[in-house]
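Notes follow once the structure below has been shown.
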């Protein structure tokens, strides 16, 4: 070894050894701290400043505005009915007393109210032999009724026009009369807004229909307040039947009775026999002989008179 080179090397080693020892001690100390030596707890980091909550800003209290009072709604007023004409409708009804359905027409007056608030009397009008349920309609009963109602001469009421299929049948054996009493009348009272009681019900007819009206009204005075026979041709046996009908009459007596006929009617002698019997038996009735014969022109000409008379027997509205 060259002594001139060794001297400086020893000098450098003397300087490096203490420095290395110092670095080793520092590394040891750092290891102990990171391992968490027993009994050593690292100081807690200083707490940051705690935020002091500021005083809550006052919340705005909502002001309750009074709600505007709703204006009362106007009650809709129902406009008055302006109908001036009634109407006819045709129906059919099954009856155990007839082989075929019972057809009938109904006249509904202008402004007919089917709600039940208004109750209507009923007039049953029966057609003549060989005719059908349109006879009274053809004669103009609806038009005359419309006019009387418009003039406030009569109160509105229903008119029922039943159809007798066989107008030559024996009235005491045929089921037509029973079908009217047991089927049609109960059905009309149940299905339509009719008023109750005999005073709200009348029956009339022309020719054979007039005989039916008297026969049924005197057999069932509890059902009818009035009966009209217009050019009535009495059934055979009606005169003999009358005394028994009167004996069975309730305390109120028979219904109001009306008879009229044209002086040229070929059936006037037959009617006079029956009318005289009514008088002999003390049965109150109205009896009028007019000009004319047994024809539609006669009945059409007296419709106003007939309808006024029936209406007089109905109770006031």
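Numbering (our numbering), first residue to last: 53 to 369. Every residue, glycine too, gets a C-beta built ideally from N, C-alpha and C.
In the three-state DSSP reduction, residue 155 falls in the strand class (E or B). When DSSP states are grouped into helix, strand and coil, residue 350 belongs to the helix group.
Spanning the alpha carbons of residue 358 and residue 326 requires a straight line of approximately 20 Å. With 16 or more other Cβ atoms inside 10 Å of its own Cβ, residue 237 counts as buried.
As a beta-bridge residue in DSSP terms, residue 278 pairs with 254, 308. Around the beta carbon of residue 218, fewer than 16 other beta carbons sit within 10 angstroms, so the residue counts as exposed. Under the DSSP definition of a beta bridge, residue 174 partners with 210, 253. An exposed status is given to residue 195, since fewer than 16 other beta-carbon atoms sit within 10 Å of its beta-carbon. In this structure residue 229 is in contact with residue 268, their Cβ atoms being roughly 6 Å apart against a cut-off of 8 Å. Of the other Cβ atoms in all chains shown, fewer than 16 fall within 10 Å of the Cβ of residue 133; this residue is therefore exposed.
For residue 342, no alpha helix (DSSP H) segment is defined; the enclosing uninterrupted segment is the beta strand (DSSP E) at 338-342. In the three-state scheme derived from DSSP, where H, G and I count as helix and E and B as strand, residue 144 is classed as strand. In the DSSP assignment, residue 334 falls outside any alpha helix (DSSP H) and carries neither an H nor an E.
By the C-beta criterion, the segment 305-319 is judged to be in contact with the segment 330-347, since at least 3 inter-stretch pairs fall below 8 Å. When only Cα atoms are considered, residue 170 and residue 318 end up about 43 Å apart. By the beta-carbon neighbour count (other beta carbons within 10 angstroms, threshold 16), residue 306 is buried. Inter-segment contact for the segment 184-193 and the segment 266-280 is absent: fewer than three beta-carbon pairs are separated by less than 8 Å. Pairing residue 254 with residue 362 gives a Cβ-Cβ distance under 7 Å.
Take residue 355, set aside five residues on each side of it, and the residues of its chain with a beta-carbon closer than 7 Å to its own are 191, 192, 193, 196, in chain order. Short of 6 Å from the beta carbon of residue 369, and not among the five residues preceding or following it, lie these beta carbons of its own chain, in chain order: 207.
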